[in-house]
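Worksheet: one structure, shown below.
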């Protein structure tokens, strides 16, 4: 699967290294382009080491055996790209890589519930049935369904799950914005 560099802001864009920098110290020989795929913009490949995977794009016209530099456009996604470059350098130098904190534990749980709820609804389950599976049958039956907060929560899970399926999942590729 190839994601656009616009959608996946953690992808590292590689271009020619400036000639004013020493080529001898460049780590480009460590970039093994396994399972590379090309399009008109770049060669897309993954670097996996130490249990970490970094997505790389070597821009079109940059030979694989050339010293490279990472490109950081000066835009709203610049910090995301810097984090991607930090991950790449840590992988290349064998240093520990920080956890990717795009999704908190709570958000991961909510996304899982969204997909469960949407899957259930698409397969004919009622909202009450879905609530029973996600929150427990006893809890779903503990209060009148028409006024239950679980009914609203389940409905929102299905709505948000459908939005995710319709393309909202791309937001998962973006890093959280910090003020």
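Numbering (this note's numbering), first residue to last: -12 to 166. No residue lacks a Cβ here, since even glycine has one placed at the ideal position from N, Cα and C.
When rounded, the separation of the alpha-carbon atoms in residue 159 and residue 26 is 23 angstroms. Inter-residue distance for residue 145 and residue 118 is about 11 angstroms (C-alpha atoms, whole angstroms).
Classified as exposed, residue 90 has fewer than 16 neighbouring CB atoms from the shown chains inside 10 Å of its CB. Separation of the CB atoms of residue 6 and residue 49 is rounded to 14 angstroms, and the pair is thereby denied contact status at 8 angstroms. Between residue 54 and residue 13, the gap from beta carbon to beta carbon is short of 8 angstroms.
Boundaries of the beta strand (DSSP E) harbouring residue 32: 29 to 36, taken from the DSSP string. Taking the CA atoms as reference points, residue 134 sits about 22 angstroms from residue 103.
Residue 32 sits away from residue 17, with the two beta carbons spaced by 8 angstroms or more. Remark: C-beta atoms of residue 39 and residue -1 do not approach each other more closely than 8 angstroms.
Note on geometry: alpha-carbon atoms of residue 141 and residue 151 lie some 15 angstroms from one another.
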